[in-house]
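J.: Quick one: the structure is below, and I'll ask about it shortly.
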Amino acid sequence: MSEKIRKREDMLDSIFFAISNSTRRKILELLIDKDLYVNEISKNFSSSLPTISNHLKLLAECRLVKKQRESQKIKYSINLKYFEETQIWLETFGKLKLIDYENLEIILEKLEV
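The working numbering numbers the first residue of the sequence shown as 19 and each following residue consecutively.
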């Protein structure tokens, strides 16, 4: 396996791990609308500020969010580049014909024989 393919697979693994958590998905949803500071993000959750910070750290490590230091605060924004990579990968499944709906009736009739 080439190094490029391995890096892409590692990136996808980290992204899917990150979005497997509902809190992190909600954080990403919040950041779609606008860039936010950690305290603004944490107001939307019952979790503690350190817990939200840990979620943001993980999202930043897998590059789903970017952080920008502004004086004493850090502002977070969504990083669309890595979502595009994931979307490209997911779209490959759209090309697969999992169920042939046009011929479903014929297939079902054959199974009943």
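Glycine included, each C-beta is placed from N, C-alpha and C at the ideal position.
1. What are the boundary residues of the alpha helix (DSSP H) that includes Ile50?
2. Is Arg42 buried or exposed, if buried means 16 or more other CB atoms sit within 10 Å of its CB?
3. Count the CB pairs spanning the segment 60-68 and the segment 93-100 that are closer than 8 Å, and state whether there are at least three.
4. With a cut-off of 8 Å on the beta carbons, I'd call Val56 and Ser71 a contact; round off their distance for me.
5. Given this structure, state the Cα-to-Cα distance separating Thr110 from Phe101, to the nearest angstrom.
6. Can you tell me the Cα-Cα spacing of Gln105 and Leu74, whole angstroms?
7. Count the other CB atoms, across all protein chains shown, that sit within 10 Å of the CB of Lys38; report buried if there are 16 or more and exposed otherwise.
T.: So, from the data block:
1. On the sequence shown, residue 50 is found 32 positions in, with the first residue counted as 1. Residues 40-51.
2. As a position in the sequence shown, residue 42 is number 24, starting the count at 1. Flag for Arg42 reads buried.
3. no
4. Start at 1 with the first residue of the sequence shown, and residue 56 comes out as number 38. Start at 1 with the first residue of the sequence shown, and residue 71 comes out as number 53. Their Cβ separation, rounded to whole angstroms, is 6 Å, which keeps Val56 and Ser71 in contact under 8 Å.
5. Start at 1 with the first residue of the sequence shown, and residue 110 comes out as number 92. Start at 1 with the first residue of the sequence shown, and residue 101 comes out as number 83. Cα-Cα distance, rounded: 15 Å.
6. Here residue 105 refers to the residue found at position 87 of the sequence shown. Here residue 74 refers to the residue found at position 56 of the sequence shown. Near 21 Å, if we compare the C-alpha coordinates of Leu74 and Gln105.
7. Here residue 38 refers to the residue found at position 20 when the sequence shown is read from its first residue. A quick correction: the sequence has Ser, not Lys, at residue 38. Exposed, since its Cβ has fewer than 16 Cβ neighbours within 10 Å.
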